[in-house]
Amino acid sequence: TSLFTELIPSGNASLHIQNNHDLKMITTPQTTKTTNNSVIPAPIQSVSLETTRLSGFEEVICSSRDVYPAPRVNLFTEPASLPDSLQPLTRKMADKQGLYSVESKLKKLKDLTYICLVQSFYRSQSWRASLQQKEIFGAEGQDFIIPCVAPWNLQNFTLTWSFTKEHKSLTIYTYDSLTQQISSVWKKVRLVTPRGRGGDGSLQLHNPLSLEHTGTYTCILSAHQTKHEVHTRVNITQSKHEVHTRVNITQTNHEVHTRVNITQSKHEVHTRVNITLSKHEVHTRANITLKPGESM
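This note's numbering applies: residue 838 is where the sequence shown begins, and numbers increase by one.
Rendered as structure tokens:
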């Protein structure tokens, strides 16, 4: 009995049997390329941190694929949550080539920053990613700030802001800290911290309008093996509009004085009417509420 040794490097472990015996063959799958019988590690190429609903509720999942040996993964939150409320579920799986995919997930809760650290088995690589989702409110015509601050101090990084409304996305602002280049589609925005120092990519929006600027703003700060992503739902409320109208009508035999005050807030109209006649007086006060699409 002998092996076809010349076929082993290609993964062929066929055996030449000369005697009739029961045999059991055990093979180890090829993991990575080999040189002089030493295994070449497959480094971490990327780390993904995203929100899903695959389990019927929202979860944050951190994952990395096609790595050898299997890397270490640590998913946690800031501020730290109670141990019983959030416990990460982590699993590692190898494919037919022996390359590992790792995944760790946590239940998504409000007002938390999710941070994932992925480290290679030999600690030669360390990747990090963070994710935030929040909602803020602003008033029409009043400047406000959309926060985006990385959990780590960043030196050489790129910053990208995008705006999404009705499933349409637009990149509105980009900045490269290394070249100092800025590109801004909207003239009403600027960085709060000059040159985004230290990884502060917070954006100030000047004189916002409800219809134009209500939507989802996404901030991405990217550096070497580092990514910070923030999704912010911005709701801008309309300011109140007041209309005051005074009407004077004079007739030959009697006089009618009418004063109409109309105050409009969203879709409500309140009207007060005072009518005075020459021989008798009629005072009328009416409060009228108009639904959207109705007119007087």
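Every residue gets a Cβ at the ideal spot worked out from N, C-alpha and C, and that includes glycine.
* Buried or exposed for I1073, please, with buried defined as at least 16 other CB atoms from any protein chain shown within 10 angstroms of its CB. => On the sequence shown, residue 1073 is found 236 positions in, with the first residue counted as 1. With 16 or more other Cβ atoms from the protein chains shown falling within 10 Å of its own Cβ, I1073 counts as buried.
* Asked: To the nearest angstrom, how far is it from the Cα of D980 to the Cα of P906?
  -> In the sequence shown, counting from the first residue as 1, residue 980 sits at position 143. In the sequence shown, counting from the first residue as 1, residue 906 sits at position 69. Put simply, the backbone Cα of D980 is about 51 Å away from that of P906.
* **CB contact flag (V1026, L1040, <7 Å)** => Looking up residue 1026 in the sequence shown gives position 189. Looking up residue 1040 in the sequence shown gives position 203. Yes, the pair counts as a contact, with Cβ atoms nearer than the cut-off.
* Asked: Just to confirm, are N1044 and G978 a CB contact at a threshold of 7 Å?
  -> As a working note, residue 1044 is residue 207 in the sequence shown. As a working note, residue 978 is residue 141 in the sequence shown. Contact flag set, yes.
* Asked: Under the rule that 16 or more other beta-carbon atoms within 10 Å means buried, what is E972, buried or exposed?
  -> Taking the first residue of the sequence shown as position 1, residue 972 is located at position 135. By the 10 Å Cβ count, E972 comes out exposed.
* Asked: Are the beta-carbon atoms belonging to V897 and K929 less than 7 Å from one another?
  -> As a position in the sequence shown, residue 897 is number 60, starting the count at 1. As a position in the sequence shown, residue 929 is number 92, starting the count at 1. With contacts defined by Cβ atoms closer than 7 Å, V897 and K929 do not form a contacting pair.
* Assign V1022 to buried or exposed, taking buried as 16 or more other Cβ atoms, counted over all protein chains shown, within 10 Å of its Cβ. => For the purposes of this step, residue 1022 is taken as residue 185 along the sequence shown, with counting starting at 1. Result: exposed.
* **Sequence-distant residues of its chain with Cβ nearer than 7 Å to G1033 (five each side left out)** => Numbered from its first residue, the sequence shown carries residue 1033 at position 196. Correct list, in chain order: L996, Y1012, S1014.
* Whose C-beta lies closer than 7 Å to the C-beta of G1052 among residues of the same chain, with five residues either side of it excluded? -> Locating residue 1052 in the sequence shown gives position 215, counting from the first residue. Within the same chain, F1000, T1001, K1002, V1071 come within 7 Å of G1052 by CB-CB distance, once the 5 residues on both sides are set aside.
* What do you get for Q1061, buried or exposed, if any count of 16 or more other CB atoms within 10 angstroms of its CB means buried? -> The residue you call residue 1061 lines up with position 224 of the sequence shown. Note that residue 1061 is His in the sequence shown here, rather than Gln. In this structure H1061 is exposed. Its beta-carbon is surrounded by fewer than 16 other beta-carbon atoms within 10 angstroms.
* Beta-carbon proximity check, S941 vs T927, cutoff 7 Å -> Working through the sequence shown from its first residue, we reach residue 941 at position 104. Working through the sequence shown from its first residue, we reach residue 927 at position 90. With a cutoff of 7 Å on beta-carbon distance, S941 and T927 are scored as near each other.
* Asked: Which whole runs of the beta strand (DSSP E) in the stretch 924–996 are 3 residues long or more, in chain order?
  -> Counting whole runs of 3 or more residues, the stretch 924–996 contains the beta strand (DSSP E) stretches 926–931, 937–944, 950–956, 963–976, 981–983.
* Under the three-state reduction of DSSP, which class applies to G1052: helix, strand or coil? -> If you number the sequence shown from 1, residue 1052 lands on position 215. Three-state result, G1052: strand.
* To do: Report, in whole angstroms, the separation of the C-beta atoms of V1067 and C953, which I expect to be a contact under 8 Å.
  => As a position in the sequence shown, residue 1067 is number 230, starting the count at 1. As a position in the sequence shown, residue 953 is number 116, starting the count at 1. That pair is no contact at about 15 Å.
* Asked: What span of residues does the beta strand (DSSP E) with N1044 cover, start to end?
  -> One-based indexing of the sequence shown puts residue 1044 at position 207. From DSSP, N1044 is part of no beta strand (DSSP E); its letter is neither H nor E.
* Under 7 Å between C-beta atoms of V824 and A966 -> The structure shown does not extend to residue 824, since the chain is modelled only from 838 to 1133, so the question has no answer here.
* Considering H1068, what are the terminal residues of the beta strand (DSSP E) in which it resides? -> Start at 1 with the first residue of the sequence shown, and residue 1068 comes out as number 231. Counting along the chain, the unbroken beta strand (DSSP E) around H1068 starts and ends at 1063–1074.
* To do: Report the residue from P908, L923, R909 whose alpha carbon sits nearest the alpha carbon of E915.
  => On the sequence shown, position 78 is the one that residue 915 refers to. Check the Cα spacing between E915 and each of P908, L923, R909: the tightest is with L923.
* Cβ-based neighbour list, C1056, same chain, cut-off 6 Å, excluding 5 preceding and 5 following -> The sequence position of residue 1056 within the sequence shown is 219, counting from 1. C985, W998, G1038, V1067, listed in sequence order.
* By Cβ distance, which residues of its chain are closer than 7 Å to A879, with the 5 residues on each side in sequence left out? -> Numbered from 1 along the sequence shown, position 42 holds the residue referred to as residue 879. The answer, listed in chain order, is T869, D903, V904, Y905, L936.
* Are I881 and Q934 closer than 7 Å when you measure CB to CB? -> In the sequence shown, counting from the first residue as 1, residue 881 sits at position 44. In the sequence shown, counting from the first residue as 1, residue 934 sits at position 97. Cβ distance not < 7 Å, so I881 and Q934 don't count as in contact.
* Tell me, to the nearest whole angstrom, how far the beta carbon of S1047 is from that of Q1075; I am working on the premise that it is less than 8 Å. => For the purposes of this step, residue 1047 is identified with residue 210 of the sequence shown, where counting begins at 1. For the purposes of this step, residue 1075 is identified with residue 238 of the sequence shown, where counting begins at 1. 5 Å between Cβ atoms; contact.
* Top-ranked residue by Cα proximity to L991, from H1065, F913, S900 -> Translated into positions along the sequence shown, residue 991 becomes position 154. With distances taken between Cα atoms, L991 lies closest to H1065.
* Closest residue to K1024 among T1030, L1042, G1035, P1031 (Cα-Cα distance) -> Here residue 1024 corresponds to residue number 187 of the sequence shown, with the count starting at 1. If we check each option's Cα against that of K1024, L1042 comes out closest.
* Is L886 near A987, with beta carbons less than 7 Å apart? -> In the sequence shown, residue 886 corresponds to position 49, counting from 1. In the sequence shown, residue 987 corresponds to position 150, counting from 1. Against a cut-off of 7 Å, the Cβ pair of A987 and L886 comes out as no contact.
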